[in-house]
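See below for the structure under consideration.
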Amino acid sequence: MEKAQPTFKRRKDRKLALKKQRRAVRIKSLVEINQEFFTSILVTYLLLLLLEELKEGFVSNYLNLNIVLGIVLASGIVTVLTGKDELEEKRGRLTKKDYIWVFGLGGLGAAIICYKTQGLGYLSYAISIISGALIILLSLLLLSEENSPSNTDP
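Heads up: the sequence shown is residues 24 to 177, going by the numbering used here.
Below is the structure:
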């Protein structure tokens, strides 16, 4: 009758396995930190860019936005390469909250476009209405899209 071999033959094997486990935990925590950092720095960059667009020199006199953009890009690349597929979450029907957000942000986008194109006169209103409608329609399309696998067999 053969003896059952232990999982770890020697103390070195146990230490090596423990080191690998610790390294995996560290990498996992760094990836999670980077994902949170990316969302934070992206929102910060977009807010600073909006402030700069609304009032010229408000941000650029103190901070170079290109540096922040570089940080956003580097962090975003790491996030994409190490990220998990979170698109598999179940999407249900759109809620009232979703519609409020979509129409609110669509209206905000239309207002910003109208503000930036005021010099065009009546054309500015047409451009901003069309842009706001596009923002709303595309947002609704993306939110209502189902995660069903496509049946594109060759």
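Glycine included, C-beta positions come from ideal geometry on N, C-alpha and C.
Worksheet item: What do you get for Ile158, buried or exposed, if any count of 16 or more other CB atoms within 10 angstroms of its CB means buried?
Response: The residue you call residue 158 lines up with position 135 of the sequence shown. It is buried - the Cβ of Ile158 has at least 16 other Cβ atoms within 10 Å.
Fill in: Residue environment, Ser63, which counts as buried when at least 16 other CB atoms sit within 10 Å
Position 40 of the sequence shown, counting from 1, holds the residue named residue 63. That one is exposed.
Worksheet item: Excluding sequence positions up to five away, which residues of its chain have a Cβ less than 6 Å from the Cβ of Glu169?
Response: As a working note, residue 169 is residue 146 in the sequence shown. Summary for Glu169: the model assigns pLDDT 47, below 50, so the residue's position carries little reliability, and this model does not support an answer.
Worksheet item: For the segment 57–74 against the segment 87–105, are there 3 or more C-beta pairs whose distance is under 8 Å?
Response: yes
Practice prompt. Pull up the CB-CB distance for Ser98 and Phe126, whole angstroms please, since I reckon it's below 8 Å.
Written response: Here residue 98 refers to the residue found at position 75 when the sequence shown is read from its first residue. Here residue 126 refers to the residue found at position 103 when the sequence shown is read from its first residue. No, Ser98 and Phe126 are not in contact; Cβ-Cβ is about 31 Å, not under 8 Å.
Worksheet entry | For Phe81, three-class secondary structure by DSSP | Here residue 81 corresponds to residue number 58 of the sequence shown, with the count starting at 1. Looking at Phe81 - three-state DSSP - the assignment turns out to be coil, as it is neither helix nor strand.
Discussion item. Let's see if you can read the secondary structure: which residues bound the alpha helix (DSSP H) around Asn89?
Written reply: Counting from one through the sequence shown, the residue named residue 89 turns up at place 66. Looking at the DSSP string, the run of the alpha helix (DSSP H) that includes Asn89 is 88–105.
Fill in: Backbone CA spacing between Arg45 and Tyr85 [nearest angstrom]
Position 22 of the sequence shown, counting from 1, holds the residue named residue 45. Position 62 of the sequence shown, counting from 1, holds the residue named residue 85. Roughly 42 Å between the two C-alpha positions.
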